[in-house]
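J.:
Residue numbers (the working numbering): 326 to 620.
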């Protein structure tokens, strides 16, 4: 075990584009991919919507159909990697969560089939499978652009003194914390098509509303390539130390409120041995119910 001098290394893009249906996520993803350069592939779960923009650039598409299980997404990602693409757009990851055969539907089916309707037990099976999907994106050697829908609501806004309905996106249709996996998260406004970064480790966007163009991709690739070459796998000396399951359980048990409980839970999932995930998931749900009953 040793400390080494911190240096920024060349990296692969991990970008999420979030917006209500019709906000322009697919179009924006393709423009960014064009700016990044290289061979582009699209995993399309949106009924062929990507192919509508085939005039923008050359790309290949895999139209993924149900069931939208984590394993099917992983297989599609691995297929793109083996084919030698440089950029992979996943449009969209929402179906992995709430689509036909996605995580939520699988939890319900497994709970009924194996656990007499106990969804907590079913989550113990599905959480590692969902985690494997997220890991497939994060650990991919390709640039990853993932689109996700946000739930739509109609807000009443004033326009020239007149009230009108405007479609707005609210909560992302993926598991809570999904955004944590990405370097940059851009939320696209349905009405204006302007994007704002809700998370940005690149420092490129600086909280400014802007239109996504090919130039956006060029700015991102310049930032990604500014670091040093990453250490080759053969030179790495991994020394993974997982957090003790006993310590994690004690922290969950002593959480004083729901907010603290959730924070501990999310940190635990990142630090724990993967085999302990089902135990942590079940404990979290149990303590969450207890805290709720105390309110």
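Positions of the beta carbon are idealized from the N, C-alpha and C atoms, including for glycine.
Determine the burial state of residue 328: buried for a count of at least 16 other Cβ atoms within 10 Å of its Cβ, exposed for fewer.
T.: Burial call: exposed.
J.: Which of helix, strand or coil does DSSP assign to residue 518?
T.: Residue state, collapsed to three classes: coil.
J.: Going by the CB atoms, is the gap between residue 395 and residue 468 shorter than 8 Å?
T.: No, they are not a contact pair.
J.: Closer than 6 Å by C-beta to residue 617: which residues in its own chain qualify, once you throw out the five before and the five after it? Chain order, please.
T.: Contacts found: none.
J.: Tell me the DSSP secondary structure of residue 506 in three-state form.
T.: Residue state, collapsed to three classes: helix.
J.: Among 573, 597 and 526, whose alpha-carbon lies nearest the alpha-carbon of residue 586?
T.: Measuring from the Cα of residue 586, the nearest candidate turns out to be 573.
J.: Is the Cβ-Cβ distance between residue 413 and residue 366 less than 8 Å?
T.: Against a cut-off of 8 Å, the Cβ pair of residue 366 and residue 413 comes out as a contact.
J.: Check whether the region 456-467 touches the region 373-385, counting contact only when three or more Cβ pairs, one atom from each stretch, lie closer than 8 Å.
T.: Touching, no.
J.: Measuring only the C-alpha atoms, how far is residue 611 from residue 401?
T.: Cα to Cα, the separation comes out at about 35 Å.
J.: Does residue 562 come out as helix, strand or coil in the three-state DSSP assignment?
T.: Since pLDDT at residue 562 reaches only 42, below the 50 mark, its modelled position is unreliable, and no value is offered.
J.: Use the C-beta contact count for residue 369: other C-beta atoms within 10 angstroms, 16 or more gives buried, fewer gives exposed.
T.: By the 10 Å Cβ count, residue 369 comes out buried.
J.: Are three or more beta carbon pairs between the region 430-449 and the region 372-382 nearer than 8 Å?
T.: Not touching, per the Cβ criterion.
J.: Between residue 510 and residue 595, what straight-line distance do the alpha-carbon atoms span, to the nearest angstrom?
T.: Approximately 20 Å, taken between the alpha carbons.
J.: Which runs of the alpha helix (DSSP H) fall wholly inside the region 382-454 and span at least 4 residues, in chain order?
T.: List check, alpha helix (DSSP H) in window: 395-407, 419-423 and 428-439.
J.: Could you work out which residue in 419, 425, 363 and 447 is closest to residue 604 when comparing CA atoms only?
T.: Checked all of 419, 425, 363 and 447; the closest Cα to residue 604 is 447.
J.: Enumerate, from N- to C-terminal direction, the unbroken beta strand (DSSP E) stretches of 3 or more residues contained entirely within the region 338-376.
T.: Here the runs fully enclosed are 339-344 and 365-369.
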